[in-house]
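The sequence shown maps to residues -16 to -1, 1 to 215 in mature numbering (1 follows the signal peptide of the UniProt record, and there is no 0).
Beta carbons: idealized from backbone N, C-alpha and C, even for Gly.
This structure is a prediction, so every number in the text was calculated from the model and none was measured.
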Amino acid sequence: MIRTLFLCISLGLIMAADPVAEIDTVESLDLDNETSSQRRELFPLYSIGNKCARRGCSIYHQVSAVSPQMSLKDGIDSKGPVKALEMLALNDDLNTVVQSDSYCTRRRAMARAAGLAAGLALTAVNAPTFAAETKTVKMGSDSGQLVFVPDEITICKGDSVTWVNNKGGPHNVVFDEEAVPDGVNAEAISMEDQLGDEGATYTKKLEVSGTYAYYCQPHRGAGMNGNVIVQ
């Protein structure tokens, strides 16, 4: 009887001790996994940055970690090519600003770069009129002399010139048919009438490179001549 009781007590003690051993084993495994995981922490377990390789991470955490990256990738795939082209264009324009010896080339590149940096589309900054400017020439000096002020200007292809009737009018602008670039119709770009009122204007866009000589017909004999150089 005593022997049987002793065996039962011993068996109970052994069974009570087993869960402790099992817990110790599990904790030991967890510690080993944690230590192993810490040693691998320097290198991402997944290329997308998911840290849920250790036991105990739920599927929710794994999906939560993956979804933002997938969304970002989808966004890059859908918009990447256009943005890449814009960045390449911006880089080219900045290089042109630094390296080009041509004023007009640098000016166009600066305007394009500024437009791209401001978020404008590549098609917008590539429009011929995007970087166009307008220069002003006075017809008659402030003191009343019969001259164009300035009498020579340099513009870029596609720019415009606005002549303003200042003093000593009436004035007009007539281009010399023998002193304009080949293929340009001097009569088509000349004024048909004269400007009599002070402040009246005449504007013309010039799109062919070269030198344009012009004069004021009423005062040509007084030497009222001018030149526009288009680069």
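Alpha carbon to alpha carbon, what distance is there between residue j and residue i?
i	j	result
GLU176	GLU162	18 Å
ALA98	PRO202	44 Å
GLY59	CYS140	Caution applies to GLY59, whose pLDDT of 42 falls short of 50 and renders its modelled position unreliable; the value that the coordinates give is listed next. Taking the straight line joining both Cα atoms gives about 40 Å.
VAL145	LYS119	5 Å
GLY210	ALA197	6 Å
GLY205	ALA184	23 Å
ILE173	ASP160	10 Å
ASN156	ALA105	40 Å
ILE137	ILE213	6 Å
VAL158	GLY103	42 Å
TYR199	ARG90	31 Å
residue 234	GLY194	Nothing can be reported for residue 234: it is not among the residues displayed for the chain, which extend from -16 to 215.
GLU182	GLY207	21 Å
SER86	ASP126	33 Å
ALA93	ASN169	30 Å
TYR186	ALA101	35 Å
Tell me, which residues are paired with residue i by DSSP?
i	result
SER144	THR118 and LYS189
GLY210	TYR198
ASN149	MET123
GLU136	ASN211
HIS155	LEU179
DSSP state of residue i, grouped into three classes?
i	result
GLY99	helix
GLU182	coil
GLU162	coil
ALA108	helix
GLY167	coil
GLY205	helix
GLY128	coil
Is residue j closer than 8 Å to residue i when the C-beta atoms are compared?
i	j	result
ALA108	ALA95	no
VAL164	TRP147	no
GLY167	ASN150	no
GLY153	GLY128	no
ASP143	GLU117	yes
CYS88	GLN215	yes
Within 8 Å (strictly less), CB to CB, does residue i reach chain B?
i	result
GLY210	Note that chain B does not occur in the displayed structure, where there is just one protein chain.
- Task: Please confirm if the stretch 125 to 138 is in contact with the stretch 181 to 192, defined as three or more CB-CB distances below 8 Å between the two stretches.
- Result: no
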